[in-house]
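Here the sequence shown is numbered in the working numbering, starting from 2 and rising by one per residue.
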Amino acid sequence: MAQVADVIVVGAGNAALCAAIAARETGASVLVLEKADEGERGGNTFFTGGGYRFPYNGLDDIRRLIPDLSDEEVDRIDVGSYPAPKFKEDLVRVTEGRADEAMVDHLIENAYPTVQWMNQVAGQRWVLMYGRQAYEVDGKLRFWGGMIVEGVGGGEGISESLFAQLPKHDIDVRYGTKGTGLLTDNTGRVTGVRVKDREGYHDLEAGAVVLAAGGFEANTEMRTRYLGAGWEVAKVRGTRHNTGDMIKAALDIGAQSYGHWSGAHAVAWDMMAPPTGNRRIGDLYQKHSYPLGLIVNVHGERFVDEGADLRNYTYAKYGREILKQPHAVAYQLFDQQTVHRLRDEYRIKEATKAEADSIPELASNLGIDVGGLVRTIEAYNAACQDGHYDPSKLDGLGTVGIEPPKSNWALPFNKPPYVGYAVTCGITFTFGGLRIDAKSAQVLDTEDEPIPGLYAAGELVGGLFWHNYPGGTGLMAGSVFGRAAGASAGKATTGA
Ligand SMILES: Cc1cc2nc3c(=O)[nH]c(=O)nc-3n(C[C@H](O)[C@H](O)[C@H](O)COP(=O)(O)OP(=O)(O)OC[C@H]3O[C@@H](n4cnc5c(N)ncnc54)[C@H](O)[C@@H]3O)c2cc1C
């Protein structure tokens with residue numbers, strides 16, 4: 002059978018399209034297979050806020066990436082710095098020391114060059130994340146949290162600018178084409194992909210295959226099997242198409258499973274959101290301003306330290322904590338000291354929200370136990386201390402004498418009208434997946450040997466994220482390892 006291309010890329014999210022372009026740069030011909038129809042293309046990448054985490058040493062690095070920043074704008078902002086060792090420290094800290102070190106090093110070393118590459122090869126333009134990652138402090142907009150830049154147009158913008166490059170590079174996409182298995186020869190080399198489209202099953206041969214078909218978050222059975230009981234009821238924040246197909250296909254031919262298979266990125270997500278992502282709303286069902294307020298369950302009890310760390314380092318693990326609460330529901334509460342600082346997603350008309358002039362009224366409007374909430378707020382207010390409040394850093398303004406504490410930004414909750422938002426657990430992506438060689442992104446087998454002809458990138462790769470995740474690392478890792486996978490697959494087929 003004739004090859005359809007030198008390299009087949011399975012998936013059409015960020016990791017896949019970076020891989021496709023990088024493979025093409027080596028001179029290889031490339032075919033992209035997308036399970037979704039064209040109107041639903043782009044995977045979770047389409048749904049993202051488009052935030053990228055990369056190391057930078059100060060304003061000069063940001064200006065190199067965003068050359069149209071005016072001097073006037075620069076005078077109003079403080080971008081600080083985010084050196085590579087700090088990125089590594091954050092990644093190791095939030096993953097409780099388990100992140101694969103070779104992958105971490107490769108990611109951090111290649112992150113900044115890769116956002117520059119995306120600008121060069123995909124015309125991707127970058128902007129500062131004014132609305133989400135900066136607070137006004139002492140007359141300046143101070144950026145915080147290591148992720149301060151997003152792609153123009155957010156996830157949709159990134160997805161569209163990558164797709165727009167494909168015709169320019171002579172890369173075809175077959176929509177409505179689901180990978181269902183991998184073809185191998187008698188030596189164990191991967192020689193293509195078995196697919197299913199509207200006409201039925203076909204075998205497509207290629208010199209090499211890159212898998213970038215996302216995790217298994219949209220597969221109810223796999224979610225429950227690997228993440229545990231209760232995960233059936235989690236809402237899926239993004240695409241309904243990431244059902245673990247290519248993880249299973251690779252395991253079937255002897256690929257090694259790797260990483261935190263019972264772990265996932267999961268956040269506070271509007272209680273009334275649909276079961277899977279809505280492309281018009283995108284990421285706006287998320288509710289990420291909780292460090293400014295309080296989180297309680299239906300009994301009115303707090304169950305996490307809302308101020309344990311900057312938002313970027315807690316949000317991805319708090320979805321799981323919400324799932325553990327009665328009815329998998331929680332409520333984020335704010336008063337007038339903080340409500341003006343809430344992120345854009347709190348202002349959509351779809352938000353499940355209530356307002357009230359008193360705590361009992363707020364509880365009753367949201368369906369929270371009234372006595373429970375009154376007791377919690379009284380105890381919380383009594384535990385608040387005097388001190389300097391600064392939401393752009395860990396200000397140490399913590400409570401004393403309550404469990405769980407609120408370790409930073411603990412202003413008394415006493416300035417009505419009060420506002421509350423009802424949230425549940427929204428799963429973003431799963432952490433477990435395939436094992437790759439960190440530099441070449443070639444898939445390893447159960448004996449740690451590279452599988453000839455098989456490469457992988459994006460959320461179907463395991464090893465980087467465990468327990469938790471620093472915001473903005475998913476897209477960055479997808480681009481870095483996607484680019485590596487595409488370049489390696491291309492070189493393997495062209496000898497470039
Ligand atoms: C609401 C939301 C907001 C987010 N915000 C951010 C953010 O701001 N910054 C950040 O870094 N990360 C963010 N993330 C995480 C981010 O989406 C992922 O890290 C990243 O997009 C994953 O890229 P990927 O290419 O691995 O997967 P995806 O973009 O999900 O692409 C997977 C592709 O594979 C296709 N596919 C699946 N199965 C098959 C099959 N069998 N055959 C063929 N094709 C298949 C899918 O249709 C899709 O095209 C967010 C995620 C969500 C859901």
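Yeah, the Cβ is synthetic: ideal placement off N, Cα and C, and Gly gets one too.
State the DSSP-derived secondary structure class of residue i, mapped to helix, strand or coil.
i: Ala329; result: helix
i: Arg64; result: helix
i: Phe430; result: strand
i: Lys202; result: Residue identity differs from the one stated: residue 202 is Tyr in this sequence, not Lys. Of the three classes helix, strand and coil, the one that applies to Tyr202 here is strand, per DSSP.
i: Ile369; result: coil
i: Tyr57; result: strand
i: Glu41; result: helix
i: Ala317; result: helix
i: Ile378; result: helix
i: Thr181; result: strand
i: Asp246; result: helix
i: Ile452; result: strand
i: Leu550; result: Nothing in the structure corresponds to residue 550, since the chain is present only between 2 and 497.
Can residue i be considered in contact with ligand 1, in the sense that its beta carbon sits closer than 7 Å to one or more heavy atoms?
i: His242; result: yes
i: Lys492; result: no
i: Ala274; result: no
i: Leu252; result: no
i: Val11; result: yes
i: Asp246; result: yes
i: Thr115; result: no
i: Ala16; result: yes
i: Thr425; result: no
i: Asp38; result: no
i: Lys179; result: yes
i: Leu476; result: yes
i: Asp61; result: no
So, at 8 Å on beta carbons, what are the nonlocal neighbours of residue i in its own chain, with the 5 sequence-adjacent residues on each side left out?
i: Met272; result: Val330, Thr353, Ala423, Val424, Thr425
i: Gly146; result: Gln134, Leu311, Arg312, Asn313, Tyr314, Gly472
i: Asn366; result: Ala355, Glu356, Ala357, Gly421
i: Ala85; result: Pro56, Ile109, Glu110
Name the two residues that bound the continuous beta strand (DSSP E) containing residue i.
i: Trp127; result: 127 to 129
i: Leu461; result: Neither: Leu461 is in no beta strand (DSSP E) and is coded neither H nor E.
i: Leu445; result: 443 to 445
In the DSSP output, which residue or residues are listed as bridge partners for residue i?
i: Phe144; result: Ala135
i: Ser258; result: Leu435
i: His468; result: BP columns for His468 are empty, so no partner.
i: Phe538; result: Missing from the structure shown is residue 538; the chain here goes from 2 to 497 and no further.
i: Tyr83; result: Tyr57
i: Arg303; result: Val297
Where do the N-terminal and C-terminal ends of the alpha helix (DSSP H) with residue i fall, by residue?
i: Asp72; result: 72 to 77
i: Ala17; result: 15 to 26
i: Thr115; result: 102 to 123
i: Pro292; result: Element bounds for Pro292: n/a, residue is neither H nor E.
i: Val33; result: Run containing Val33: none in the alpha helix (DSSP H); it sits in the beta strand (DSSP E), 31 to 34.
i: Val10; result: Looking at the DSSP string, Val10 is not in any alpha helix (DSSP H); the run it does join, the beta strand (DSSP E), is 4 to 11.
Suppose the cutoff is 6 Å on Cβ atoms and the five residues either side in sequence are ignored; what does the same chain contact list for residue i look like?
i: Leu395; result: Asn409
i: Leu18; result: Leu163
i: Glu356; result: Pro418, Val420
i: Glu39; result: Tyr176
i: Asp79; result: Lys141, Arg143
i: Glu206; result: Met2, Gln4, Thr192, Gly193
Leaving out five residues on either side along the sequence, give the residues of the same chain with a beta carbon under 7 Å from the beta carbon of residue i.
i: Tyr83; result: Pro56, Tyr57, Gly147
Under 7 Å: does the beta carbon of residue i sit that close to some heavy atom of ligand 3?
i: Ala235; result: This structure lacks ligand 3; the ligands present are ligand 1.
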